[in-house]
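This report refers to the structure that appears directly beneath it.
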Amino acid sequence: MEVFHLAHPLKESLYPREPHVMALGFFDGVHLGHQSLLKQTKRIAEKNKLKFTAMTFDPHPNEVIKWEKDLRYLTPLALKIERMAAFGVDKLFVIKFNLSLASLQPSDFIKQYVLGLQAKHIVVGFDFTFGNKAQGNVDYLQKVSKNNAFDVTVISKQAQNGEKISSTLIRKIVRDGDVHLVPYYMGHQLEVKGFVYISNRHKHEKKKKSEIHIENKYILPAPGVYRVEIKNGNKACQGLFIRYGSSKRNDEISGQIIEMLKGGVAEELTVKFLNKIPFGSMPEYSSNFKEVIK
Ligand SMILES: Cc1cc2nc3c(=O)[nH]c(=O)nc-3n(C[C@H](O)[C@H](O)[C@H](O)COP(=O)(O)O)c2cc1C
Ligand SMILES: Nc1ncnc2c1ncn2[C@@H]1O[C@H](COP(=O)(O)OP(=O)(O)OP(=O)(O)O)[C@@H](O)[C@H]1O
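Residues in the sequence shown are numbered from 1 upward in steps of one, following UniProt numbering.
And the structure:
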């Protein structure tokens, strides 16, 4: 997959001039709703022998328009790029979302970012919005496509338990600690990447302490103890993750892979959250933790 990082106003020399079928949206989490949209886009592209592309934005519009600082993602950009590639996207357009892009009228967005990028067919969900004050919607897209050289396909609402599958809903599920529900909405467990540091500072505790620093921008579950799957290169094992969720105390991780790591070395890990282990109040976590990992 080729990735094009573009900013407003678009410079013709920076993108390919070739017709394609494009999925549009922010796509945080690349959840089951997004997956159904991407599959449909791929089918249309294959049928018409055109390239399969997607457009996303960075950062999230709310960071720019609503000044939401410290916004957390299910899939920060690097992971979203991995997931899009796994879906077979040929070209991904990552548009820098800033105030000048946000102030574009819907008609200008169509001119510059749909027709300008040579999209012949676009695929959006039933609730897709775009353009200044989010004035552009599906009705508008269907209307303008009649007078222009592009088609529009709209994906109907994908729901779980009668509720629309959305990034906002999944972020809430994660924040509430209900990580076991995530696969029903994302099709797989919540996955984060981070670095583990084995500290020898706590020698009196006899056991090395394994602090984990999850890469910036990932949303993490509520404080608690979680059963996780840990991956380090091609090794994998089950383990436990203590999420303190406090700026004073780093989160901790334990598992066979971690015990094998040498002290002081930072190792990159992938952590999949399986379920929360019911425990009582926060102060008990560290003592109970040692018993659980025996
Ligand atoms: C050109 C453009 C301008 C936008 N301007 C606004 C805006 O003024 N206010 C707003 O709330 N969202 C704005 N958005 C964000 C969209 O409403 C929407 O969140 C974004 O396109 C991602 O779509 P999705 O959330 O349906 O995936 C804009 C998006 C685009 C592409
Ligand atoms: N459940 C769904 N069913 C069908 N289409 C969807 C669904 N969720 C998102 N889409 C479509 O996928 C694209 C990307 O959507 P977007 O990133 O806004 O997802 P979202 O989950 O609705 O996010 P948020 O919760 O932040 O509004 C848009 O075209 C949107 O309409």
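Where is the CB? At the ideal position from N, CA and C, for every residue including glycine.
No experiment lies behind these values; they were computed from the predicted model shown.
Practice task
Count the other C-beta atoms from every protein chain shown that fall within 10 angstroms of the C-beta of GLU284, then say buried if there are 16 or more, exposed otherwise.
Solution key: For the purposes of this step, residue 284 is identified with residue 284 of the sequence shown, where counting begins at 1. The predicted position of GLU284 is uncertain, since its pLDDT is 49 and thus under 50; a value taken from the coordinates is nonetheless stated next. Counting Cβ neighbours within 10 Å, GLU284 comes out exposed, since fewer than 16 surround it.
Exercise for the section: Quick one: residues in its chain with C-beta nearer than 8 Å to the C-beta of LYS294, no 5 flanking neighbours on either side, listed in chain order? Expected result: If you number the sequence shown from 1, residue 294 lands on position 294. The pLDDT assigned to LYS294 is 39, lower than 50, so where the model puts this residue is not dependable, and the model offers no usable value.
Handout entry: ASP139 classed as buried or exposed, judged by whether at least 16 other C-beta atoms fall within 10 angstroms
Key = One-based indexing of the sequence shown puts residue 139 at position 139. ASP139 counts as exposed, since fewer than 16 other C-beta atoms from the protein chains shown sit within 10 angstroms of its C-beta.
Exercise for the section: Just the C-alpha distance for GLN189 and ASN62, rounded to the nearest angstrom, thanks. Expected result: If you number the sequence shown from 1, residue 189 lands on position 189. If you number the sequence shown from 1, residue 62 lands on position 62. So the two alpha carbons sit approximately 25 Å from each other.
Handout entry: Cα-Cα separation, LEU269 to GLY29
Key = Numbered from 1 along the sequence shown, position 269 holds the residue referred to as residue 269. Numbered from 1 along the sequence shown, position 29 holds the residue referred to as residue 29. A straight-line Cα-Cα distance of about 19 Å links LEU269 and GLY29.
Practice task
Consult DSSP for VAL174 and reduce its assignment to one of helix, strand or coil.
Solution key: One-based indexing of the sequence shown puts residue 174 at position 174. The answer is helix: DSSP assigns VAL174 an H, G or I state.
Problem - Range covered by the alpha helix (DSSP H) that runs through PHE109 - result: Within the sequence shown, the letter at position 109 stands for residue 109. Note, PHE109: alpha helix (DSSP H), 106 to 109.
Practice task
Would you kindly report the start and end of the unbroken alpha helix (DSSP H) that includes ARG243?
Solution key: One-based indexing of the sequence shown puts residue 243 at position 243. Here ARG243 belongs to no alpha helix (DSSP H); instead the beta strand (DSSP E) covers 235 to 243.
Problem - With 16 other Cβ atoms within 10 Å as the buried cut-off, status of THR56 - result: Reading the sequence shown from its first residue, position 56 is the one you call residue 56. The residue is buried, with at least 16 neighbouring Cβ atoms inside 10 Å.
Handout entry: Every unbroken alpha helix (DSSP H) inside the UniProt domain "FAD synthetase" (18 to 168) [4 residues or more]
Key = As far as the UniProt domain "FAD synthetase" (18 to 168) is concerned, its whole alpha helix (DSSP H) runs of at least 4 residues are 32 to 47, 61 to 65, 77 to 86, 99 to 102, 106 to 109 and 138 to 146.
Exercise for the section: Please indicate yes or no: does the CB of PHE57 lie closer than 7 Å to some heavy atom of ligand 1? Expected result: The residue you call residue 57 lines up with position 57 of the sequence shown. PHE57: yes, Cβ under 7 Å from ligand 1.
Exercise for the section: Throw me the rounded Cβ distance for the ALA222 and GLY194 pair, which I believe falls under 8 Å. Expected result: On the sequence shown, position 222 is the one that residue 222 refers to. On the sequence shown, position 194 is the one that residue 194 refers to. Their Cβ separation, rounded to whole angstroms, is 17 Å, which puts ALA222 and GLY194 out of contact at 8 Å.
Handout entry: For VAL182, the first and last residue of its enclosing alpha helix (DSSP H)
Key = Numbered from its first residue, the sequence shown carries residue 182 at position 182. 182 to 186 is the extent of the alpha helix (DSSP H) around VAL182.
Exercise for the section: List the DSSP bridge partners of LEU190. Expected result: Here the question's residue 190 lines up with position 190 in the sequence shown. DSSP, once it has assigned bridges, lists PHE273 as partnering LEU190.
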